[in-house]
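Structure first, commentary second.
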Amino acid sequence: MAYNEMLEIINSHREGILQSEIRKLMEIDSKKCSRIVNKLMKEHLIRRDDELADGRKTYRLFPIGFIGPSERHLKLIANGMFSPCTGCNLECYPESCYPLNEWVLAVIEEEA
Ligand code: SF4
36 MAYNEMLEII NSHREGILQS EIRKLMEIDS KKCSRIVNKL MKEHLIRRDD ELADGRKTYR
96 LFPIGFIGPS ERHLKLIANG MFSPCTGCNL ECYPESCYPL NEWVLAVIEE EA
């Protein structure tokens, strides 16, 4: 449950998200957060870069597989957000999928 939630959050932040932000969003302690992050990295679903935030060392987490848009990828980008379904390996419930919902809203905003 928390594993899938974290993966969805990271997948919806193509620009990366601080591990400390995820911990606050999910309301979990740092030990549990680190355990899930390590599992996601071990399964090659995310990558982690060192970062300083407010003078403290933390990490920025990125979805794996996004190395920048090519021409054909541009159609899958709305307001800087890549289609979350591309490469997704989550159990799929499109009607309640947060990343998909966010992306569709970005498409609508971009077309407005
Ligand atoms: S709709 Fe399905 S494939 Fe698309 S991001 Fe959500 S879970 Fe993944």
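For the sequence shown, my numbering gives the first residue as 36, with consecutive numbering after it. Every residue gets a Cβ at the ideal spot worked out from N, C-alpha and C, and that includes glycine. Note that the coordinates shown come from a computational prediction; the quantities given were computed from them, not determined experimentally.
Item, Value
"Integer Cβ distance of C123 from N46, believed to fall under 8 Å", "7 Å"
"Check: L135 C-beta below 6 Å from any heavy atom of ligand 1", "yes"
"According to DSSP, residues forming a beta bridge with M116", "A113"
"Beta carbon of R82 nearer than 7 Å to that of I99", "yes"
"Straight-line Cα distance separating V142 from F97", "22 Å"
"Rounded distance between the beta-carbons of E43 and P134, thought under 8 Å", "5 Å"
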